[in-house]
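In our numbering, the protein residues as written are 705 to 749.
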């Protein structure tokens, strides 16, 4: 568990995207982070 401070505008954008995907915004944050981590590993390998 972590606490993460995000600008209000960024959080608003995440919530909009999450609503479009019909997922909770915290879940979308985890999805986005996982996708980025995977991409970083692929490009650094």
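By construction, the Cβ of each residue, glycine as well, lies at the ideal position given by its N, Cα and C atoms.
- residue 740 (DSSP reduced to helix, strand or coil): Taking the first residue of the chain shown as 1, we reach residue 740 at position 36. Here residue 740 sits in helix by DSSP.
- In its own chain, which residues sit with a C-beta less than 8 Å from the C-beta of residue 728, not counting the 5 before and 5 after it? Your numbering for residue 728 matches position 24 in the chain shown. If you ignore the 5 residues before and after residue 728, its C-beta comes within less than 8 Å of the C-beta of 722, all in its own chain and listed in chain order.
- Taking only the alpha-carbon atoms, compute the straight-line gap between residue 734 and residue 719 and give it to the nearest angstrom. For the purposes of this step, residue 734 is taken as the residue at position 30 of the chain shown. For the purposes of this step, residue 719 is taken as the residue at position 15 of the chain shown. Their Cα atoms are separated by approximately 13 Å.
- Message: Would residue 725 and residue 732 qualify as a contact pair, given that the criterion is a beta-carbon distance under 8 Å?
- Response: Residue mapping note: residue 725 aligns to position 21 of the chain shown, counting from 1. Residue mapping note: residue 732 aligns to position 28 of the chain shown, counting from 1. Result yes, Cβ atoms of residue 725 and residue 732 sit closer than 8 Å.
- When DSSP labels each residue in this structure, what does residue 748 get in the three-state scheme? By 1-based counting over the chain shown, the position of residue 748 is 44. Three-state result, residue 748: helix.
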